[in-house]
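Novice: The listed protein sequences derive, respectively, from chains A and B. If you're matching positions, the first sequence starts at 1 in full-length UniProt numbering and goes up one per residue. If you're matching positions, the second sequence starts at 1 in full-length UniProt numbering and goes up one per residue. Note that beta-carbon positions come from the ideal geometry of N, C-alpha and C, so glycine has one too. Because the structure is a prediction, the values reported are computed rather than measured. What follows is a single structure, and I will ask about it in a moment.
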Amino acid sequence: MAIEIRIPTILRTYTGGAKAVDGTGATLEELIGDLESRHPGLRDRLVDDSGLRRFVNVYLNDEDVRFLGGLSTPVADGDTVTVLPAVAGGAR
Amino acid sequence: MRFDSLIDSVGRTPLVGLPRLSPSDDVRIWAKLEDRNPTGSIKDRPALWMVEQAEKDGLLTPGCTILEPTSGNTGISLAMSARLKGYKLICVMPENTSEERRQLLRMWGAEIISSPAAGGSNEAVRVAKGLAAEHPDWVMLYQYGNPANWRSHYESTGPEIFADLPTVTHFVAGLGTTGTLMGVGRYLREKVPDIKIVAAEPRYGELVYGLRNVDEGFVPELYDASVLTTRFSVTSADALRRTRELLATEGIFAGISTGCALHAALGMARKAVQEGERADIVFIVADGGWKYLSTGAYEGTLDEAEDRLEGQLWA
Numbered sequence: 001m002a003i004e005i006r007i008p009t010i011l012r013t014y015t016g017g018a019k020a021v022d023g024t025g026a027t028l029e030e031l032i033g034d035l036e037s038r039h040p041g042l043r044d045r046l047v048d049d050s051g052l053r054r055f056v057n058v059y060l061n062d063e064d065v066r067f068l069g070g071l072s073t074p075v076a077d078g079d080t081v082t083v084l085p086a087v088a089g090g091a092r
Numbered sequence: 001m002r003f004d005s006l007i008d009s010v011g012r013t014p015l016v017g018l019p020r021l022s023p024s025d026d027v028r029i030w031a032k033l034e035d036r037n038p039t040g041s042i043k044d045r046p047a048l049w050m051v052e053q054a055e056k057d058g059l060l061t062p063g064c065t066i067l068e069p070t071s072g073n074t075g076i077s078l079a080m081s082a083r084l085k086g087y088k089l090i091c092v093m094p095e096n097t098s099e100e101r102r103q104l105l106r107m108w109g110a111e112i113i114s115s116p117a118a119g120g121s122n123e124a125v126r127v128a129k130g131l132a133a134e135h136p137d138w139v140m141l142y143q144y145g146n147p148a149n150w151r152s153h154y155e156s157t158g159p160e161i162f163a164d165l166p167t168v169t170h171f172v173a174g175l176g177t178t179g180t181l182m183g184v185g186r187y188l189r190e191k192v193p194d195i196k197i198v199a200a201e202p203r204y205g206e207l208v209y210g211l212r213n214v215d216e217g218f219v220p221e222l223y224d225a226s227v228l229t230t231r232f233s234v235t236s237a238d239a240l241r242r243t244r245e246l247l248a249t250e251g252i253f254a255g256i257s258t259g260c261a262l263h264a265a266l267g268m269a270r271k272a273v274q275e276g277e278r279a280d281i282v283f284i285v286a287d288g289g290w291k292y293l294s295t296g297a298y299e300g301t302l303d304e305a306e307d308r309l310e311g312q313l314w315a
């Protein structure tokens, strides 16, 4: 088992077009590091010096990681991590 | 209940228990029926507050033109206020929003300018900001950054919930402009120290996110993450399933964004049961299902409905 990471369309140039890739790590930061080793350039699109980039949202099993522990959020085999660009809401 | 005019009847909506969807006597779920507002959505509150604040500030005078980026409900609320108060309204609306919303806006006398489907509401905001710069005499109330938006919930929705249910432990609502969560959240935090404020964010299909550049995203100016306890991303499939479940088990015919909030509310309920904690979970029914009939959300199998919803802004 591994951790599944769902990649938004705009970042699939880094994953050879794949919608989802597998990775490993004990924290989100390690997971992103693991992805970077196989998909160079992806890391810079997700994080900067201050942590997750402002307009990038990352969800661990549908919960926003900013409320869980940010890059230090623990992850485990079987988890699903979803990356999405921040968008404005709907019916407003 | 008697009111001097339709505008005066905004708010004071029912809070109803959901005995069939609540997991136990100790963990109960309550629906705040915001579809009972004059134009059928929660947006009557921020629309009225924003208009009256602009009047107080001298920005709006009779005959003025109001401009607003909206995917529907705020526009419909503003159109009603504008008609009664003598303003002209122009709405910038993503082209992938339902036909019912367009008809309703035109019916109340609003003019609609369409923005491209790709990018959803982000794009409507961008187009509206451009128009505002070109037409300095138009008044953009700008719900994403107008403090009167969250104040409407701090001064009305929040106090109503606390008065009806002082034992409230969780508040769950959809995340769009963030006004509901910021306003109700701030009010309830003052009254209930351990309150959990939970955001349910709609997760759309590929078409909506497809062309978004992660460097050019959008976070509403009103958003303050410190008000929230946590935030969930809810797929169209889960939102649809819960919308139907609410109708089938409790008889409430709601719009799809309500299913999104209910999904997060049920998740919090499950957590409370697991941890053996008492909970009174309030979630927002933002509008009724009427405006979404043409999306096919309520017909056929869930898979069929989900396919039909692909690429549409359903919240």
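Quick check on residue 39 (chain A): does DSSP put it in helix, strand or coil?
Specialist: Residue state, collapsed to three classes: coil.
Novice: Give the interface partners of residue 225 (chain B) over in chain A, defined as CB-CB distance under 7 angstroms, in chain order.
Specialist: Ordered by position in chain A, the residues that pass the 7 angstroms Cβ test against residue 225 (chain B) are 66.
Novice: Beta-carbon separation of residue 199 (chain B) and residue 243 (chain B) under 8 angstroms?
Specialist: No, Cβ-Cβ distance for residue 199 (chain B) and residue 243 (chain B) is not below 8 angstroms.
Novice: Tell me which residues of the stretch 228-242 of chain B have at least one Cβ-Cβ distance to chain A shorter than 9 angstroms, keeping chain order.
Specialist: Of all residues in the stretch 228-242 of chain B, 228, 229, 230, 231, 232, 233, 234, 235, 238 have a Cβ within less than 9 angstroms of some Cβ in chain A.
Novice: Check whether the Cβ atoms of residue 70 (chain A) and residue 41 (chain A) lie closer than 8 angstroms to each other.
Specialist: Cβ atoms of residue 70 (chain A) and residue 41 (chain A): not closer than 8 angstroms.
Novice: Only counting the same chain, and skipping five residues up and downstream in sequence, which positions put a Cβ closer than 8 angstroms to that of residue 210 (chain B)?
Specialist: Note that residue 210 (chain B) has pLDDT 48, beneath the 50 cutoff, so the model's placement of it is unreliable and the number below is only indicative. Only 118 meet the Cβ criterion.
Novice: Any beta carbon from chain A within less than 8 angstroms of residue 28 (chain B)'s own beta carbon?
Specialist: Not an interface residue.
Novice: Would you call residue 299 (chain B) buried or exposed, if buried means 16 or more other Cβ atoms sit within 10 Å of its Cβ?
Specialist: Classification of residue 299 (chain B): exposed, given that the 10 Å Cβ count is below 16.
Novice: Could you pull out every residue in the same chain whose Cβ sits closer than 8 angstroms to the Cβ of residue 302 (chain B), ignoring the five residues on either side in sequence?
Specialist: Cβ neighbours of residue 302 (chain B) beyond the five flanking positions: 237, 240, 241, 244.
Novice: Checking contacts by CB at 8 angstroms: is residue 28 (chain A) closer than that to chain B?
Specialist: Answer no: the Cβ-Cβ gap between residue 28 (chain A) and chain B never drops below 8 angstroms.
Novice: Three Cβ pairs or more, each shorter than 8 angstroms: is that satisfied between the stretch 135-148 of chain B and the stretch 55-73 of chain B?
Specialist: Result yes; three or more Cβ-Cβ pairs closer than 8 angstroms.
Novice: So with CB distances below 9 angstroms, who are the chain A contacts of residue 219 (chain B)?
Specialist: Per Cβ cutoff of 9 angstroms: 54, 55, 86, 88.
Novice: Of the choices B:47, B:29, B:4, whose alpha-carbon is the least far from that of residue 265 (chain B)?
Specialist: Of the listed residues, the one whose Cα sits closest to residue 265 (chain B) is B:29.
Novice: In chain order, what residues of the same chain have a beta carbon less than 6 angstroms from the beta carbon of residue 115 (chain B), not counting five sequence neighbours either side?
Specialist: Contacts found: 92, 94, 123, 124, 127.
Novice: For the alpha helix (DSSP H) holding residue 49 (chain B), just list the boundary residues, first then last.
Specialist: Note, residue 49 (chain B): alpha helix (DSSP H), 44-56.
Novice: Would residue 174 (chain B) and residue 220 (chain B) be called neighbours here (beta carbons separated by less than 8 angstroms)?
Specialist: It is not a contact, given that the beta carbons lie outside the stated cut-off.
Novice: Tell me whether the stretch 78-85 of chain B and the stretch 178-188 of chain B touch, counting them as touching only if at least three CB pairs, one residue from each stretch, are closer than 8 angstroms.
Specialist: The stretch 78-85 of chain B, when compared against the stretch 178-188 of chain B, does not touch it at the 8 angstroms Cβ threshold.
Novice: Looking at the unbroken alpha helix (DSSP H) that takes in residue 95 (chain B), where does it start and where does it end?
Specialist: Unbroken run through residue 95 (chain B): none, as it is neither H nor E.
Novice: Could you spell out the range, first to last residue, of the beta strand (DSSP E) harbouring residue 32 (chain B)?
Specialist: 27-33 is the extent of the beta strand (DSSP E) around residue 32 (chain B).
Novice: Quick test of your reading: residue 153 (chain B) and residue 180 (chain B), contact by CB under 8 angstroms. State the CB separation rounded to the nearest angstrom.
Specialist: Contact holds; Cβ gap of about 5 angstroms.
Novice: Specify, as a first and last residue, the run of the alpha helix (DSSP H) that residue 307 (chain B) falls within.
Specialist: Start and end: 302-309.
Novice: Which of the residues in the stretch 191-203 of chain B, read from start to end, lie with their CB under 9 angstroms from any CB of chain A?
Specialist: The residues in question are 199, 201, 202, 203.
Novice: Anything in chain B within Cβ reach of residue 59 (chain A), meaning under 7 angstroms, just list it in chain order.
Specialist: What residue 59 (chain A) touches in chain B: 233.
Novice: How about residue 26 (chain A) and residue 74 (chain A): are their beta carbons less than 8 angstroms apart?
Specialist: Cβ distance < 8 angstroms, so residue 26 (chain A) and residue 74 (chain A) count as in contact.
Novice: Within 8 angstroms of any Cβ in chain B, is that where the Cβ of residue 73 (chain A) sits?
Specialist: Output row for residue 73 (chain A): interface = no.
Novice: By Cβ distance, which residues of its chain are closer than 8 angstroms to residue 161 (chain B), with the 5 residues on each side in sequence left out?
Specialist: Result list for residue 161 (chain B): 15, 32, 168, 171, 184, 188, 282, in chain order.
Novice: By alpha-carbon positions, which one of B:96, B:73, B:229, B:110 ends up nearest to residue 290 (chain B)?
Specialist: It is B:73.
Novice: Please confirm whether residue 267 (chain B) and residue 232 (chain B) have their CB atoms less than 8 angstroms apart.
Specialist: Cβ distance < 8 angstroms, so residue 267 (chain B) and residue 232 (chain B) count as in contact.
Novice: Measuring alpha carbon to alpha carbon, tell me which residue in B:121, B:108, B:12 is nearest residue 96 (chain B).
Specialist: The option with the nearest alpha carbon to residue 96 (chain B) is B:121.
Novice: Report the option in A:85, A:76, A:9, A:86 whose CA atom is closest to the CA atom of residue 107 (chain A).
Specialist: Residue 107 (chain A) lies beyond the stretch modelled for chain A, which goes from 1 to 92, so this question has no answer here.
Novice: Where residue 250 (chain B) and residue 21 (chain B) are concerned, what is the direct C-alpha to C-alpha distance, given to the nearest angstrom?
Specialist: The straight-line gap from Cα to Cα measures roughly 8 angstroms.
Novice: Beta strand (DSSP E) containing residue 126 (chain B): first to last residue?
Specialist: That residue, residue 126 (chain B), is in no beta strand (DSSP E); its alpha helix (DSSP H) goes 120-134.
Novice: Just the Cα atoms here: how many angstroms apart are residue 252 (chain B) and residue 246 (chain B)?
Specialist: Their Cα atoms are separated by approximately 6 angstroms.
Novice: Taking the alpha helix (DSSP H) that residue 80 (chain A) belongs to, which residues open and close that run?
Specialist: No alpha helix (DSSP H) holds residue 80 (chain A); the beta strand (DSSP E) holding it covers 80-85.
Novice: Mapping the DSSP letters down to three states, classify residue 54 (chain A) as helix, strand or coil.
Specialist: It is coil, neither helix nor strand.
Novice: Determine the DSSP secondary structure at residue 297 (chain B), reduced to helix, strand or coil.
Specialist: Three-state DSSP puts residue 297 (chain B) in coil, outside helix and strand.
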